Amino acid sequence: MKHCGVKVATEAESTPILREMTLNIERAKKIAQTELSPPARTRIITVSNQKGGVGKTTTAVNLAAALARKGMQVLVIDLDPQGNASTALGVPHHSGVASSFEVLIGEKSMAEAVQPSTEHEGLLCLPATIDLAGAEIDLVGRDGRENILARALQDYIAGREHRLDYVFIDSPPSLGLLTVNALVAATEVMVPIQCEYYALEGVTQLISNIERIKQALNPSLVIRSIILTMFDSRTNLSADVASEVRKYFPSQTLKATIPRSVRISEAPSFGQTAISYDPKNSGSLAYQEAAIELAQQGA
Ligand SMILES: Nc1ncnc2c1ncn2[C@@H]1O[C@H](COP(=O)(O)OP(=O)(O)OP(=O)(O)O)[C@@H](O)[C@H]1O
Ligand SMILES: [Mg+2]
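Every letter in the sequence shown is one number past the one before it in this note's numbering, and letter 179, counting from 1, is 180.
Right under this line is the structure:
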């Protein structure tokens, strides 16, 4: 509304919902205008936290989709028998489909098992089937059992006609042989931390496990990023957890914080990431901003 040439906010314009909509339009514009350069070498990012339900899978698939939308060539490796990343990327993963299980037991090469995702032409997925639940038993007596994924992935990268810019490995909520394989194959680790009670519980243990793997199996492994998930702006608790995490990990914690959002949790049931399901939603915007931050790290 204009009054004497001065723009006066109407009641509707000053409501929180309208303010958020206006802000989100600006955020979407900025995201659209940002161009990303591919990394010098393929970044292999294992998304790990042995605590369950903190947003590992949601983070892996949404960051992967956001980077693919920015022209990057991205592979998601589903290393969780639950197969949630495969579901979110619209990739078939019923028993019998060539998957990460066959790759780990040496029955298939990664090239034979990787599938295109319905999400985006630049996005590929090595799916996980329920067969993976038995993989730890199959692998336990094998020599070099911690390096199987690393070797298979390096062979796949070397044999591809086009380069891969990012690989996200979604790991299960435990520190078994699957997670060890994911950490040995990685060039870096991303830790999602849920803005909830006991958020930091287990993080000390995770750090010491990563340290052990670094010393024994993968000397260059680093926790390069921490992402705050399921942030609820209505609670003091979320803000307290976020500031605690930022205090302990000032350089690793991404500025973009992922809000708790119904749209994020609905997306997988449509075989989609939140980014294609509802790209203008606050949660999707936050994941796109986090992806840009990740890509610009150290640039
Ligand atoms: N930002 C969010 N807002 C609302 N719901 C979310 C958000 N992030 C994740 N969720 C939901 O929380 C649940 C756990 O998320 P997710 O599966 O990504 O966690 P996870 O760490 O991979 O779990 P697991 O340890 O079982 O593998 C899922 O139902 C997911 O849809
Ligand atoms: Mg998961």
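Where is the CB? At the ideal position from N, CA and C, for every residue including glycine. Treat the numbers as computed from the prediction; the structure is a model and nothing was measured.
From the options, residue whose alpha carbon lies closest to that of residue i
| i | options | result |
| --- | --- | --- |
| H121 | L37, A61, A67 | A67 |
| S277 | D233, A41, Q83, N63 | N63 |
| R247 | S101, Q195, I45, Q297 | Q195 |
| I208 | P220, V192, A200 | V192 |
| A112 | P39, L127, G123 | L127 |
| E1 | G53, A69, P17, Q51 | Absent from the structure is residue 1, since the part of the chain shown begins at 2 and ends at 300. |
| K52 | G177, E267, S270 | G177 |
| V48 | A183, P40, V98 | A183 |
| G135 | L229, D81, N50, S226 | D81 |
| E267 | P251, T258, S285, F250 | S285 |
| F232 | P251, S262, Y249, A153 | S262 |
| L124 | A89, D241, V98, S96 | A89 |
| T23 | V98, R152, S283 | S283 |
| I131 | S96, D156, K109, R164 | S96 |
| E108 | A86, D139, G84 | D139 |
| P117 | A186, S87, I26, V104 | S87 |
| S234 | I227, A243, S226 | A243 |
| Q298 | Q273, I265, S252, P260 | S252 |
| K71 | R42, T119, Q34 | Q34 |
| T254 | I265, R264, L229 | L229 |
| Q83 | I26, T119, S172, L238 | S172 |
Buried/exposed call for residue i, threshold 16 Cβ in 10 Å
| i | result |
| --- | --- |
| V223 | exposed |
| Q320 | Since the first residue of the chain shown is 2 and the last is 300, residue 320 is not available in this structure. |
| A159 | exposed |
| D166 | buried |
| G142 | exposed |
| E290 | buried |
| K30 | exposed |
| D279 | buried |
| K281 | exposed |
| H94 | buried |
| D79 | buried |
| A292 | buried |
| M2 | With a pLDDT of 45 at M2, under the threshold of 50, the modelled position of this residue cannot be trusted; read the value that follows with caution. Exposed, by the Cβ-count rule. |
| L295 | buried |
| Y249 | exposed |
| S226 | buried |
| C5 | Residue confidence is low: C5 scores 49 on pLDDT, short of 50, so the model does not pin down where it sits. Its coordinate-derived value is still stated next. Per the 10 Å Cβ criterion, exposed. |
| A41 | exposed |
Alpha-carbon to alpha-carbon, residue j and residue i
| i | j | result |
| --- | --- | --- |
| A217 | E202 | 25 Å |
| K256 | V55 | 18 Å |
| Y288 | V92 | 21 Å |
| P174 | V77 | 17 Å |
| A57 | E189 | Inspection of the sequence shows that residue 57 is occupied by Lys rather than by Ala. One C-alpha to the other measures close to 15 Å. |
| L133 | L179 | 9 Å |
| R44 | F169 | 8 Å |
| I211 | F102 | 23 Å |
| Y198 | T236 | 12 Å |
| N219 | L150 | 13 Å |
| T59 | D144 | 33 Å |
| Q206 | S100 | 30 Å |
| P39 | F271 | 30 Å |
| V204 | P17 | 35 Å |
| R28 | T258 | 14 Å |
| S110 | V104 | 6 Å |
| V7 | A275 | With a pLDDT of 49 at V7, under the threshold of 50, the predicted position of this residue should be treated as unreliable, though the coordinate-derived value follows. Their Cα atoms are separated by approximately 39 Å. |
| A153 | P269 | 28 Å |
| E147 | V181 | 6 Å |
| A186 | A240 | 34 Å |
| I302 | A61 | Outside the shown range of the chain (2 to 300) lies residue 302, about which nothing can therefore be said. |
The beta strand (DSSP E) enclosing residue i, as first and last residue numbers
| i | result |
| --- | --- |
| V75 | 75-79 |
| L201 | No beta strand (DSSP E) holds L201; DSSP gives it neither H nor E. |
| S226 | 224-230 |
| T1 | The shown model of the chain, from 2 to 300, leaves out residue 1, and the question about it has no answer. |
| I194 | 189-195 |
| L238 | Premise fails: L238 lies in the alpha helix (DSSP H), 237-249, not in any beta strand (DSSP E). |
Boundaries of the alpha helix (DSSP H) in which residue i is found, first to last residue
| i | result |
| --- | --- |
| Q297 | 283-297 |
| Q155 | 149-160 |
| Q34 | 17-34 |
| I170 | From DSSP, I170 is part of no alpha helix (DSSP H) but of the beta strand (DSSP E) over 167-171. |
| L125 | Looking at the DSSP string, L125 is not in any alpha helix (DSSP H); the run it does join, the beta strand (DSSP E), is 124-127. |
| N85 | 85-89 |
| S101 | 101-105 |
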